[in-house]
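J.: I have a structure here, written as structure tokens, and I will follow up with some questions on it.
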Amino acid sequence: MNTQIRVLKTEGDYAAAVARLSELMDKDPTLGSTEDAELELLALVIQSYEKNRFPPSLPDPIDAILFRMDQQRLAQKDLVPYIGSISKVSEVLGRKRPLSLSMIRKLHVGLGIPADVLIGEVFDLFAEPNIDYTKFPLAEMQERGLFGDARRSVQHLKDYAEELVTGFFRAMSGLAGQQIKLRATLHQSGARMMDEHSLMVWQACVLRKARTRTLKGQYQPGTITLQWLRDLVRLSSFEMGPLLAQEYLSNFGIALVFEKHFDKTYLDGAALLDSEMPIVALTLRHDRLDNFWFALLHELIHVQCHLSAARPSIVDNLDDKTRSSEEEQQADREASEALIPEAVWATAQVRISYAQDDAIALARQLQIHPAIVAGRVRKETENWRLLSNLISSAGKVSDLFISQLPQLA
């Protein structure tokens, strides 16, 4: 029988091929005959189909460990270097504790057990192996729900830090936009260095929020000018000024987002570039209207003058008086000029009187909120008791962004 053999694509093809194979085997064809060649070829295409359609299941990870222990005559105590303590070894072998990536890596290297067997799937086991994942702000990340809703003990967070942190960054990278990497480069202003692990997580949270915002325009370099900034600042005179500012920036393709700072970051804000989308991120660490407007304009100067593909992020601690770089001085200087022009400030009565009525008069002249004038007086005199009523009566900026900053609710 002359049968043309094809690649098997369906269950019907497979069933017919198996039937024909059985028929040929019953005939026991002569070695080298046409039917013998057909039988050999059929066996190969059937084997290929079964391999793709029914891939072999991997052995159970614990069974694989027990098998290797039996092979090498190992006791539970011999697994301590790979798993941790004798109690952890007992819990793992008793299937009461899952294998962590750290355990898997050590068992793979030390006992030669295939990594895909231990982890149950193909995984880049040796990506970023030198990072100490326990240095990430695990407790804060859990508190913010970045690991899901489940509550874990401090020890569990430490034991499974690698899985939790890499899982978080992998989820963030799944959003539209550039990949969020563990080794983010963040330019810091000032001498007091911020915790780099916390900054990485904060940056990822910022990018996640920015990527979910729908902007009304597309950013064009050169958009931000002194007049553009002054038009923006005039929105401060309205009760909902910060919300209007967010819409204003959206019209020009700039995302304004809020994310509470993490411990040990001393962070007020940042300017970031996500592909071609500029992002201004504020923490509202100092939840005052005057601080909001100064920090916002400071970061916008960075967007206009200092961000680039080679330098996609700049983070700021505006309290740090050691900030002395030319670009930080430029951002401070141009932000102040947009808020209250130096020529106007030089002759302003409030500079001498510190009187509330004079502050309000200057604010009306410039069409800005009186809290901005009060903030300028307090900053120049370093007397934070002056004009406190104008600051407190303006309220908290975070009250306008409760849905965007639930941590401050």
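Numbering (this note's numbering), first residue to last: 3 to 411.
In this text, a Cβ means the ideal position worked out from N, Cα and C, and glycines have one as well.
Everything numeric in this text was worked out from a predicted model, so none of it was measured.
1) Quick check: the Cα distance between residue 47 and residue 9, rounded to an integer number of angstroms?
2) Taking residue 292 as part of the alpha helix (DSSP H), name the residues at either end of that continuous run.
3) Can you grab the Cα-Cα spacing for the pair residue 104 / residue 164, in whole Å?
4) Could you give the residue range of the alpha helix (DSSP H) that holds residue 372?
5) Could you tell me if the beta carbon of residue 293 falls within a distance shorter than 8 Å of some heavy atom in the ligand FMN?
6) Are the beta-carbon atoms of residue 205 and residue 140 separated by less than 9 Å?
7) Less than 9 Å between the beta carbons of residue 244 and residue 294, yes or no?
8) Which residues does DSSP list as the beta-bridge partners of residue 313?
9) Buried or exposed, going by whether 16 or more other CB atoms sit within 10 Å of the CB of residue 200?
10) Closer than 6 Å by C-beta to residue 378: which residues in its own chain qualify, once you throw out the five before and the five after it? Chain order, please.
11) For residue 138, which of helix, strand or coil comes out of DSSP?
12) Can you round the beta-carbon distance between residue 488 and residue 285 to whole angstroms, since I take them to be within the 8 Å contact cut?
13) When the Cβ atoms of the segment 332 to 342 are set against those of the segment 223 to 233, are three or more pairs found closer than 8 Å?
14) Can you tell me which of 291, 282 and 333 puts its alpha carbon nearest to the alpha carbon of residue 315?
15) Consult DSSP for residue 173 and reduce its assignment to one of helix, strand or coil.
16) Answer yes or no: do residue 373 and residue 396 have a C-beta to C-beta separation smaller than 9 Å?
17) Alpha carbons only, please: which of 50, 51 and 27 is nearest the one belonging to residue 41?
T.: Judging by the given coordinates:
1) 6 Å
2) 291 to 307
3) 8 Å
4) 372 to 383
5) Summarising the ligand content, the structure contains no ligands, and the ligand FMN is consequently not present.
6) no
7) yes
8) 310
9) buried
10) 342
11) coil
12) Shown here, the chain extends from 3 to 411; a query on residue 488 therefore has no answer.
13) yes
14) 282
15) helix
16) yes
17) 27
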